[in-house]
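K.L.:
What follows is a structure written as structure tokens; I'll ask about it next.
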Amino acid sequence: MPEMIGFLKPRQAVLDRRQEIVADLKDLLPKGCLISEERELKPFETDAFLAYRRLPLAVALPETTEQVAAVLKYCSRYGVPVVPRGAGTSLSGGAIPQEDAVVIGLSKMSRILDIDLFNRTATVQAGVTNLNISEAVSADGFFYAPDPSSQLACTIGGNIGMNSGGAHCLKYGVTTNNLLGVKMVLFDGTVIELGGKALDAAGYDLLGLVCGSEGQLGIVTEATVRLIAKPEGARPVLFGFASSEAAGACVADVIGAGIIPVAIEFMDKPAIEICEAFAHAGYPLDVEALLIVEVEGSEAEMDAMLQRIIDVARRHGVTKIRECQSALEAALIWKGRKSAFGATGRIADYICMDGTVPLSQLSHVLRKTGEIVAGYGLRVANVFHAGDGNMHPLILYNINDPEDAARAEAAGNDILKLCVDAGGCLTGEHGVGIEKRDLMLHQYSRTDLGQQMAARAAFDPEWILNPSKVFPLEGRPAA
């Protein structure tokens with residue numbers, strides 16, 4: 007793929023000391039916790055943003071906060087860049103390293119440390135997956151709300167870095183709404199704790215600053231999260247429409263009427279066909295757009311809310327309504343939706359965008375997105391969290407054709423600019439990473455970005471944490 011996205015120039019002094027750095031790091035970590043052979047480094051050269059790859063200098067796999075601190079203290083002393091890595095599911099290139107960087111992977115830090123049902127909290131290491139938490143408390147009637155499609159694999163540390171969401175964020179919020187505290191290691195090895203089990207912490211809201219900071223302020227090693235009681239019942243319902251614009255308008259009017267289901271998910275016809283072929287969820291194939299609307303509560307509460315939603319949908323010409331009749335049917339409906347990205351990967355390479363728009367602009371942005379992608383001679387499948395306007399157009403292309411790949415990236419950039427121009431923003435839950443870094447000036451002024459970089463530098467004055475990410479390369483401090 008052509009190098010449309012630049013990287014910082016590797017620090018030659020670090021490259022010249024590679025063998026010494028590897029030897030020193032081996033001394034700081036238990037046996038088997040440092041990877042330095044080229045063949046073994048290959049799995050860490052990229053994340054789920056597969057268009058770009060860089061082989062790191064080494065990969066550290068610490069087992070404790072103290073080991074993370076020791077590695078960071080060493081790297082800070084010798085100016086070695088560090089890239090934090092969770093499960094590598096980032097879709098924006100957030101975990102892609104550089105040749106002079108040490109990757110600190112947190113996969114070995116996967117223990118649940120404490121479950122406090124009285125205070126409705128769980129304290130976990132950063133390598134614990136979202137699903138692990140829900141499974142650990144399910145028998146007691148609780149769950150952890152954020153549920154990205156990758157929740158089987160994605161970890162709490164990565165979710166905090168990107169402020170991830172998921173299908174049920176419409177009612178329960180994204181990671182920042184469910185995060186109470188963290189233990190974090192700063193660039194120089196200092197360990198700090200922010201927040202805790204209490205709902206509010208004294209002082210500045212540094213926890214709010216850390217959540218979504220993409221590993222540039224420190225490395226989170228532990229987190230305390232909120233647990234929520236399971237609802238009495240839940241029921242997903244399928245709504246089919248004759249056009250994407252009608253489905254988008256329906257979403258806006260449902261929320262505008264003050265109706266807040268637990269989830270509203272959108273699929274257009276290409277996405278419906280892709281997901282149905284994979285999951286056999288029973289999605290209707292004779293509609294142009296599909297909404298998965300889930301309501302929850304008692305049977306009476308669900309019936310009442312669903313009737314209000316049906317009334318709105320009929321005003322927008324809904325052509326199919328199918329209520330879930332069993333737990334198995336519900337599981338299949340969500341399997342299809344949560345498998346969308348993987349199912350799409352079976353038929354084509356794709357770039358997944360992550361713009362967010364006001365609900366009133368959904369229909370307009372959907373129509374323009376189709377026009378933009380068609381203008382580049384490509385195809386698009388739309389599947390996204392419609393309830394909060396977080397769009398995920400999947401631009402299909404051939405990664406082995408440099409011209410095709412360049413067109414896909416250009417189309418993606420145009421879509422993200424469209425989202426900003428419609429009153430939205432560049433990202434809803436995937437982060438900026440390298441993918442959207444050079445578009446930050448389309449959303450923010452140089453003064454805005456200067457203030458953000460000043461906040462970053464207050465935590466990491468040497469800019470060794472996750473370099474090449476978030477901020478445009480021009481105008482940042484020299485290495």
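The working numbering numbers the first residue of the sequence shown as 7 and each following residue consecutively. In this text, a Cβ means the ideal position worked out from N, Cα and C, and glycines have one as well.
1. In chain order, what residues of the same chain have a beta carbon less than 7 Å from the beta carbon of lysine 442, not counting five sequence neighbours either side?
2. Measure the alpha-carbon distance for glycine 418 versus cysteine 358 and round it to whole angstroms.
3. Once you ignore the five residues that flank valine 89 on each side, which residues in its own chain have a CB closer than 6 Å to its CB?
4. For proline 276, which residues of its own chain have a beta-carbon under 8 Å away from its beta-carbon, when the five flanking residues on both sides are left out?
5. Thinking C-beta only, is alanine 269 closer than 8 Å to leucine 192?
6. Please look up how many angstroms separate the CB atoms of glycine 164 and threonine 71, rounded, as I've assumed it's under 8 Å.
7. Using only alpha-carbon positions, find the residue among Lys32, Leu297, Ala235, Thr135 that is nearest to serine 229.
8. To the nearest angstrom, how far is the alpha carbon of isoleucine 261 from that of glutamate 300?
9. Please state whether DSSP places glutamate 105 in a helix, a strand or coil.
10. Just tell me which of Gly218, Leu338, His174 has its CA closest to the CA of valine 188.
11. Does the beta-carbon of phenylalanine 124 have 16 or more other beta-carbons within 10 angstroms, so that it is buried, or is it exposed?
12. Identify which residue in Ala54, Ala463, Leu47, Ile225 has its Cα closest to the Cα of glycine 351.
13. Is it true that the CB of valine 216 sits closer than 8 Å to the CB of isoleucine 470?
14. Could you work out which residue in Ile339, Met459, Phe245 is closest to histidine 286 when comparing CA atoms only?
15. For glutamate 26, count the other beta carbons within 10 Å of its own beta carbon; 16 or more makes it buried, fewer makes it exposed. Which is it?
16. Could you have a look at glutamine 313 and say whether DSSP puts it in helix, strand or coil?
17. Which parts of the segment 197-225 are runs of the beta strand (DSSP E), unbroken and 3 residues or longer, counting only runs that do not cross its ends?
18. Are three or more beta carbon pairs between the segment 155-169 and the segment 28-46 nearer than 8 Å?
19. Mapping DSSP to helix, strand and coil, what is leucine 47?
20. If you run the structure through DSSP and keep just helix, strand and coil, what is glutamate 468?
21. Hey, aspartate 355 and histidine 436 are a contact pair by Cβ (cut 8 Å); roughly how many whole angstroms apart?
22. For leucine 137, which of Asp153, Gly147, Ala145 has the nearest alpha-carbon?
23. Have a look at Gly100, Pro290, Arg321, Glu141 and flag the residue whose alpha-carbon is nearest the alpha-carbon of serine 170.
24. Quick check on alanine 346: buried or exposed, where buried means 16 or more other Cβ atoms within 10 Å of its Cβ?
25. CA-CA distance, alanine 240 and aspartate 30?
26. Does the Cβ-Cβ distance between proline 36 and glutamate 69 come in under 8 Å?
27. The beta strand (DSSP E) with asparagine 388 in it runs from where to where?
28. For the structure I just gave you, are there three or more beta carbon pairs, one from the segment 240-251 and one from the segment 292-308, closer than 8 Å?
29. Excluding sequence positions up to five away, which residues of its chain have a Cβ less than 8 Å from the Cβ of threonine 375?
30. Short of 7 Å in beta carbon distance, which residues of its chain neighbour glycine 147, apart from the five on each side in sequence? Order them along the chain.
31. Exposed or buried, arginine 232, counting other C-beta atoms within 10 Å across all chains shown (16 or more means buried)?
32. Relative to the C-alpha of threonine 196, which residue among Tyr80, Ser369, Thr52 is closest?
33. Given this structure, state the Cα-to-Cα distance separating methionine 459 from arginine 83, to the nearest angstrom.
34. Suppose only complete runs of 3+ residues qualify. What are the beta strand (DSSP E) ranges in the segment 288-367, listed by chain order?
35. Whose C-beta lies closer than 8 Å to the C-beta of alanine 128 among residues of the same chain, with five residues either side of it excluded?
36. Please name the residue or residues paired with phenylalanine 245 in a DSSP beta bridge.
P.N.:
Taking the structure as given:
1. Ser98, Leu422, Leu432, Thr433
2. The alpha-carbon atoms of glycine 418 and cysteine 358 are separated by roughly 8 Å.
3. Pro103, Ala107, Val109, Asn472
4. The beta carbon of proline 276 lies closer than 8 Å to those of Arg385, Val386, Ala387, Asn388 in the same chain, with the five residues before and after it left out.
5. no
6. That belief does not hold up - the Cβ atoms of glycine 164 and threonine 71 are roughly 17 Å apart, past 8 Å.
7. Rather than serine, the amino acid found at residue 229 in this sequence is alanine. If we check each option's Cα against that of alanine 229, Thr135 comes out closest.
8. 13 Å
9. coil
10. Gly218
11. exposed
12. Ala54
13. No, Cβ-Cβ distance for isoleucine 470 and valine 216 is not below 8 Å.
14. Of the listed residues, the one whose Cα sits closest to histidine 286 is Ile339.
15. exposed
16. helix
17. 197-201
18. no
19. helix
20. When DSSP states are grouped into helix, strand and coil, glutamate 468 belongs to the coil group.
21. So it is not a contact: roughly 17 Å between Cβ atoms.
22. Asp153
23. Gly100
24. buried
25. Cα-Cα distance, rounded: 54 Å.
26. yes
27. 385-391
28. yes
29. Val386, Asn388, Met397, Pro399, Ile421, Leu424
30. Closer than 7 Å at the Cβ level, and outside the excluded window around glycine 147, lie Ala235, Lys236.
31. Around the beta carbon of arginine 232, a 10 Å sphere encloses 16 or more other beta carbons of the protein chains shown; the residue is thus reported as buried.
32. Tyr80
33. Linking methionine 459 to arginine 83 through their CA atoms gives a straight-line distance of about 22 Å.
34. With a minimum length of 3 residues, the continuous beta strand (DSSP E) runs that stay inside the segment 288-367 are 295-302, 326-329, 355-358.
35. Ile118, Asp120, Ile121, Asp122, Ile139, Ala142, Val143, Tyr150, Thr230, Val231, Leu233
36. Per DSSP, Leu297, Ile327.
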